[in-house]
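The sequence shown begins at 23 in the working numbering and counts up by one. Idealized CB from N, CA, C, for every residue including glycine. Please read the structure below before turning to the comments.
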Amino acid sequence: MKSREIRLVRRPVGAPTPEDFSVESVTVPPPAEGEVQVRNLWMAVDPAMRGRMSDAKSYVPPFELDKAMEGPAIGEVVASNDDAFVPGDLVFNRLGWREAFNAPASALQKRDGDALPAKAYLGFAGPTGLTAYAGLLRIGGLKPGDVVFVSAASGGVGSIACQIAKLKGHKVIGSAGGEQKAAFLRDELKLDGVIDYKAEPSLTKALARAAPEGIDLYFDNVGGDHLQAALAVANDKARFAICGMISQYNVTDAPTVPRNLTMLMVKSIRMEGFIVLNHMDLWQHFMADVTAWHKAGLLTQADTIYEGIDRSLEAFFGLFSGNNLGRSLVKLA
């Protein structure tokens, strides 16, 4: 089987450019004993991949140069040399950025293609959804009466976090950049307050208008000015779930640090960063909830879809230019 894959050929300085990558064609041999051959159907791109392009120490190893990168994907088994899998099985894997591959059976997780659409396992029923779920319920400690603020609310994680908070009866305020994204938050997700930060001279004042009673839980995907605004408007004993800081990922000079960090002390705010890999124990409860919500028509998965592996870099770059709405997916087959 022939397969194309995207490789990292040099480590980016600042924003990644096409010259940092290459597209290579390889031959995938029949699977060896204990291996399974998979053709990827969908792959996803997310901002955290930028961190793995650096060789700085982190919670996951960096991408190796001149080798195919890795990322979440949903594929179909086409050949198997392991009794646990048969051709036609739908499998989740972390070997995206390639069309096909052989891998040990331990690298694959079966998914039910009849219960949910295949691409849902990269969105609300995948690590993206679990990130939103864990961030709100465990890290943020969502409780009755909370006013919730979500930054990058039209993105993959943010849009699901908004919906979960709404499903649980909370007032939710979301920020996004541009009228199209703001309209999605107002008209599709029915948020209680929407901030188009690109149209606001002061994000802090805009948040204060949207939440005159203050905020109790902040789900942070952006950092920078958004974190500063949340600190200013937060109520006493607010909780901040720090999921990501996309505004800082490509900076080459000093990062943008909120000027009002003393509010953490003054307001007794609890701030905690988290990664989804540390919360896999929630998986069964999470899947039961999102499957039920989906069947009841209560969850909307917004996707920006790119066709073919040749557009996977375009999909990734779009995360930082603000071109994506919801989860950014690449359709591979």
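Can you check whether the CB of residue j is closer than 8 Å to the CB of residue i?
i	j	result
I96	R61	no
S343	V67	no
G93	R72	no
S25	E121	yes
T322	A137	no
R29	E41	no
T150	G196	no
F114	Y81	no
V194	A204	no
A129	E27	no
P126	G56	yes
G199	K227	no
D258	S290	yes
M65	L354	yes
Can you give me the C-alpha to C-alpha distance between residue i and residue j, rounded to a whole angstrom?
i	j	result
F146	R231	30 Å
M302	G246	28 Å
A252	L158	16 Å
R281	Y240	17 Å
A140	T326	15 Å
F308	L341	26 Å
L63	G215	36 Å
S76	F43	13 Å
S267	D105	Reading off the sequence, residue 267 comes out as Met, not Ser. Each residue's Cα considered, the two are about 42 Å apart.
A318	T278	42 Å
P69	K212	26 Å
N300	L152	11 Å
P53	D111	15 Å
P84	I297	16 Å
L286	V58	50 Å
P234	A101	58 Å
A256	L283	12 Å
L225	I331	37 Å
E210	Y328	22 Å
Q202	L347	9 Å
T49	I217	49 Å
A156	G180	12 Å
Q306	S334	31 Å
G236	V35	39 Å
Quick one: what does DSSP say residue i is sitting in, helix, strand or coil?
i	result
S269	helix
L239	strand
T326	strand
A256	strand
E55	coil
R160	helix
M285	helix
T49	strand
L335	helix
M91	coil
A5	Beyond the ends of the chain as shown, which are 23 and 355, falls residue 5; an answer cannot be given.
F342	helix
A198	strand
E27	strand
V82	coil
K193	strand
V60	strand
R261	strand
Can you tell me which of the options puts its alpha carbon nearest to the alpha carbon of residue i?
i	options	result
N103	M71, G93, N124	N124
I161	A314, A251, R261	R261
L229	R208, L211, A254	A254
K190	G167, S176, L249, R74	G167
I182	Y328, F338, Q202, L207	L207
V99	Q131, S80, M75, L87	Q131
A324	F107, G36, S176, P126	S176
E294	G163, R33, T284, A37	G163
S173	S76, G36, D242	D242
H248	L354, E235, G135, E222	E222
I264	N257, V244, K79	V244
D88	H192, R33, T49	R33
N272	V31, A37, M23	A37
A310	M23, G148, K79	G148
V169	E86, C184, K353, Y155	C184
E336	V31, W315, T39	T39
Which two residues bound the contiguous beta strand (DSSP E) that contains residue i?
i	result
D218	215-218
E98	95-102
R33	Segment: none, R33 is in no beta strand (DSSP E) and carries neither H nor E.
N124	122-126
M293	292-295
V108	Note, V108: premise wrong, no beta strand (DSSP E); not H, not E.
T171	Note that residue 171 corresponds to Phe in the displayed sequence, not to Thr. Where F171 is concerned, the enclosing beta strand (DSSP E) stretches over 169-172.
S350	349-353
K132	131-133
Counting along the chain, where does the alpha helix (DSSP H) carrying residue i start and finish?
i	result
R231	225-232
A187	178-189
K317	305-317
A205	201-205
G73	71-74
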